[in-house]
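J.:
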Amino acid sequence: MTGKEILLEALRGGTPERIPWVPFAGVHAGSLIGAEPELFLRDASLIEKGVLHVCERYKPDGVPIVFDLQIEAEMLGCELEWASETPPAVKSHPLAGQMPVDMGVLPAFDVSSGRMPVVMEATRRLQSGIGKEVALYGLITGPLTLALHLRSAELFMDLICDEDSADQLMAYCADIACSMAKAYLDAGVDVVAVVDPMISQISSEHFSRFVSGPLNRVFDAIGESGRLSSLFVCGDATRNLEVMCETHCDNVSVDENIDLAVLRSVAQKAGKSFGGNLKLTTTLLLGSPLECQKDAIECLDKGGASGFVLAPGCDLPYAVPPANLEAVARLVHDPYERDVVRTLEA
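Under numbering that gives the first Met the number 0, think of the first position of the sequence shown as 0, with each following residue one higher.
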C-alpha cells in the first residue's frame with residue numbers, strides 16, 4: 000500500500016498495515032528551505048519546495064499544503080501582522096464595534112483573491128507531483144475562528160446577548176468555508192480539515208447551539224464530493240469532544256491538552272477516526288530525538304491500530320529540529336526501531 004492508501008484507510012476507520020503519520024508542517028516547511036513565513040506563504044514555488052522537503056525528510060503519509068488560519072480573514076479585509084517564525088496574526092477586525100453586525104461592509108469573497116491563487120497553484124503542482132503517493136490536506140479556517148477574526152472578542156458576547164447576529168455571522172462564515180473547501184477539492188486534495196481552535200473556548204451548549212449546524216454544512220459538502228473531512232481543534236476541548244464527534248466529519252484531531260485514550264473512546268463510539276497528539280513544545284521543539292520517539296510510542300499505544308492517525312497536536316513550530324521529526328518517522332516505518340525504543344523505556 001502507498002502511504003496515501005494507508006492514511007485514507009485509517010481515516011475511514013479501518014485497520015491499515017501500520018498506523019499512518021501526518022506531520023502538520025505549516026511554516027516549518029518554510030524553515031527547511033530557509034524561507035521566513037511571509038515570503039514562504041506568498042510564493043507557490045516555495046510552498047511546493049517546502050512540502051517536498053517535508054516529504055523527503057519525514058516520510059509522511061499525508062501532508063498539508065499550508066497551515067494558515069488567516070488566509071480567509073485577509074481576503075475579507077482583516078489586516079495581518081507578520082512575524083519571523085510564526086504564521087501571521089490578525090490585528091484588525093472589520094466587524095468590531097458594529098451593532099447590529101453587517102456583513103455587507105466586507106469585500107465580496109472570491110477564491111481568486113488574496114493569497115489563495117498562490118495556494119491553489121502549489122496544490123495543483125503537488126497533486127501532480129506527489130499526489131499518488133501522499134495524501135494532500137487542504138486546511139480551512141473553521142466558522143467560529145473566522146467569525147472571531149472578523150468580529151473580535153465581541154463575538155462571545157453575541158453568543159449570549161445577540162443570538163440572531165451570531166447565527167447570521169456563523170452562517171456567513173460557513174458559506175466562506177464551503178467556498179474554500181470547494182476550491183481545495185477542485186484542485187485535487189484528498190482531505191479537507193476544518194481547523195477551528197476557538198471551539199476549545201466555548202461550552203458544549205454553545206457548540207451545539209451555534210457551531211454544529213455551520214460545521215455540518217461544510218462536512219456535508221465535502222462528503223458529497225466523495226472526499227474525506229476532519230475537524231481539527233487545538234487547545235483543551237475535552238468538554239466538547241462528544242459534540243465534536245457528533246458532527247458529520249470523518250475524523251477528529253486534537254492537541255496534547257486532550258487525553259488520547261479519552262478521545263479514542265469517544266470517537267470510536269461515534270464511528271469517527273481520530274488523530275493526535277504529539278507534544279509540540281516540550282517534546283518536538285525542545286526535546287531530544289529519543290524523547291520524541293518515546294512520546295510517539297505513548298501515542299501509538301493509546302491510539303491503537305484502527306482508525307488512528309499519529310500527528311502533532313497542531314501546526315509544527317518553525318524551529319522544530321528536523322532530527323526530532325526524522326526520529327518519529329523512523330519509528331513509524333520501522334518496527335525494529337519501535338522495539339528498541341520500547342526496550343529503552345522498560
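Just so it is clear, CB atoms sit at the ideal spot from N, CA and C, and this is done for glycine as well.
Just to confirm the assignment, what range does the beta strand (DSSP E) spanning N250 have?
T.: The count along the sequence shown starts at 1 and reaches residue 250 at position 251. Its beta strand (DSSP E) spans residues 250–253.
J.: Give the range of the beta strand (DSSP E) segment to which T140 is assigned.
T.: Here residue 140 corresponds to residue number 141 of the sequence shown, with the count starting at 1. 134–140 is the span of the beta strand (DSSP E), which, as asked, contains T140.
J.: So, for A318: in the same chain, excluding its five sequence neighbours on each side, which residues have a beta-carbon less than 7 Å away from its beta-carbon?
T.: Indexing the sequence shown from 1 puts residue 318 at position 319. Closer than 7 Å at the Cβ level, and outside the excluded window around A318, lie S30, E84, L284.
J.: Going along the chain, which unbroken runs of the beta strand (DSSP E) with 3 or more residues stay wholly within the region 156–243?
T.: 190–194, 227–232
J.: How about L135 and L149: are their beta carbons less than 8 Å apart?
T.: Residue mapping note: residue 135 aligns to position 136 of the sequence shown, counting from 1. Residue mapping note: residue 149 aligns to position 150 of the sequence shown, counting from 1. Result no, Cβ atoms of L135 and L149 do not sit closer than 8 Å.
J.: Where do the N-terminal and C-terminal ends of the alpha helix (DSSP H) with V261 fall, by residue?
T.: The residue labelled residue 261 in the question sits at position 262 within the sequence shown. Element bounds for V261: 259–268.
J.: Would you mind working out which of G302, S164, L51 sits nearest G96, comparing C-alpha positions?
T.: As a first step, residue 96 is located in the sequence shown; it is residue number 97 there, counting from the start. Closest by alpha carbon: S164.
J.: Only counting the same chain, and skipping five residues up and downstream in sequence, which positions put a Cβ closer than 7 Å to that of D299?
T.: Position 300 of the sequence shown, counted from the first residue, corresponds to residue 299. In the sequence as displayed, the identity of residue 299 is Leu instead of Asp. Same-chain partners within the cutoff: I18, L309.
J.: Hey, could you find the ends of the alpha helix (DSSP H) L323 is sitting in?
T.: Translated into positions along the sequence shown, residue 323 becomes position 324. Here residue 323 turns out to be Asn, not Leu, going by the sequence shown. Where N323 is concerned, the enclosing alpha helix (DSSP H) stretches over 321–332.
J.: Could you give the first and the last residue of the continuous beta strand (DSSP E) run that contains F399?
T.: Coverage of the chain is limited to positions 0 through 345, which leaves residue 399 absent and any answer about it impossible.
J.: Going by the CB atoms, is the gap between V118 and P59 shorter than 8 Å?
T.: Walking along the sequence shown from the start, residue 59 turns up at place 60. Walking along the sequence shown from the start, residue 118 turns up at place 119. Contact annotation: P59 and V118 have beta-carbon atoms that are not nearer than 8 Å.
J.: Below 8 Å on the Cβ atoms is my contact criterion, and I expect V253 with A236 to pass it. Report the Cβ-Cβ distance as a whole number of Å.
T.: Indexing the sequence shown from 1 puts residue 253 at position 254. Indexing the sequence shown from 1 puts residue 236 at position 237. Their Cβ separation, rounded to whole angstroms, is 7 Å, which keeps V253 and A236 in contact under 8 Å.
J.: At what residues does the alpha helix (DSSP H) containing L299 begin and finish?
T.: What you label residue 299 is simply residue 300 of the sequence shown in a count that begins at 1. Element bounds for L299: 288–302.
J.: Rank L315, E4, Y57 by C-alpha distance to the C-alpha of D333 and give the top, closest one.
T.: Reading the sequence shown from its first residue, position 334 is the one you call residue 333. Per the C-alpha coordinates, the member of L315, E4, Y57 positioned closest to D333 is Y57.
J.: What's the gap between the Cα of E37 and the Cα of W81?
T.: Your numbering for residue 37 matches position 38 in the sequence shown. Your numbering for residue 81 matches position 82 in the sequence shown. So the alpha carbons of these two residues sit roughly 6 Å apart.
J.: On the DSSP letters alone, give me the boundaries of the alpha helix (DSSP H) that V53 sits inside.
T.: For the purposes of this step, residue 53 is taken as residue 54 along the sequence shown, with counting starting at 1. Looking at the DSSP string, the run of the alpha helix (DSSP H) that includes V53 is 43–57.
J.: Can you check which of these residues, G306, L279, E16, is closest to A266 by C-alpha distance?
T.: The sequence position of residue 266 within the sequence shown is 267, counting from 1. If we check each option's Cα against that of A266, G306 comes out closest.
J.: Are A182 and L138 close, meaning C-beta to C-beta below 8 Å?
T.: The sequence position of residue 182 within the sequence shown is 183, counting from 1. The sequence position of residue 138 within the sequence shown is 139, counting from 1. The answer is no: Cβ separation not under 8 Å.
J.: Within 10 Å of its beta-carbon, does V104 have 16 or more other beta-carbons around it, so buried, or fewer, so exposed?
T.: Working through the sequence shown from its first residue, we reach residue 104 at position 105. Taking every protein chain shown into account, the CB of V104 has fewer than 16 other CB atoms within 10 angstroms, so this residue is exposed.
J.: Ordered along the chain, which non-local residues of its own chain (more than five positions away) have a Cβ less than 8 Å from that of L184?
T.: Taking the first residue of the sequence shown as 1, we reach residue 184 at position 185. Excluding positions up to five away in sequence, the list reads G137, V191, I221, S224, R226.
J.: Can you give the Cα-Cα distance for E47 and T122, rounded to whole angstroms?
T.: The residue you call residue 47 lines up with position 48 of the sequence shown. The residue you call residue 122 lines up with position 123 of the sequence shown. Distance between the alpha carbons of E47 and T122 is about 8 Å.
J.: Assuming T140 and V194 are in contact, meaning their beta carbons sit under 8 Å apart, how far apart are those beta carbons, in whole angstroms?
T.: Position 141 of the sequence shown holds residue 140. Position 195 of the sequence shown holds residue 194. Confirmed, about 6 Å.
J.: Beta-carbon of M74 versus every beta-carbon of chain D: anything under 8 Å?
T.: In summary, chain D is missing from the structure at hand, where a single protein chain is found.
J.: Give the single residue among F39, E325, H27, C313 whose Cα lies nearest to the Cα of L230.
T.: In the sequence shown, the residue the question calls residue 230 occupies position 231. If we check each option's Cα against that of L230, C313 comes out closest.
J.: Measure the beta-carbon distance from F108 to S178 and round it to whole angstroms, keeping in mind my assumption that it falls under 8 Å.
T.: Locating residue 108 in the sequence shown gives position 109, where the first residue counts as 1. Locating residue 178 in the sequence shown gives position 179, where the first residue counts as 1. 6 Å between Cβ atoms; contact.
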